[in-house]
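Enquirer: Dropping the structure in here first, questions after.
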């Protein structure tokens, strides 16, 4: 998977607001852990991490979120 070839990800939401900037990790573990911690949902083992991430932040068709991901990123350590 092409996504797995990258070390770090700068993920911007609509309007250029940062949603995530950091390591992806082997098998996307760092990125998944971040989104799981904030969203309270678990990435299914069979899910494509990139598609799951879009669903979690409400950017995938038909998805929705109550989380202000820009604020969550700003306040994360």
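Residue numbers (the UniProt record's numbering): 1 to 77.
For each residue, glycine too, the CB sits at the ideal point set by N, CA and C.
#1: Roughly how many angstroms lie between the CA atoms of residue 11 and residue 60, to the nearest whole one?
#2: Using only the alpha-carbon positions, how far apart do residue 75 and residue 68 sit?
#3: Going by C-alpha distance, which of 56, 9 and 73 is nearest residue 36?
#4: Could you name the residues of the same chain whose beta carbon sits closer than 7 Å to that of residue 25, not counting the 5 residues immediately before and after it, in chain order?
#5: Please classify residue 44 as buried or exposed, where buried requires at least 16 other C-beta atoms within 10 Å of its C-beta.
Expert: The relevant details are as follows:
#1: About 14 Å.
#2: Cα to Cα, residue 75 sits roughly 11 Å from residue 68.
#3: Minimum Cα distance to residue 36 is reached at 56.
#4: If the five residues before and after residue 25 are omitted, its C-beta is found closer than 7 Å to the C-beta atoms of 31, all from its own chain and listed in chain order.
#5: Sixteen is the threshold: since fewer than 16 other Cβ atoms of the shown chains lie within 10 Å of the Cβ of residue 44, the residue is exposed.
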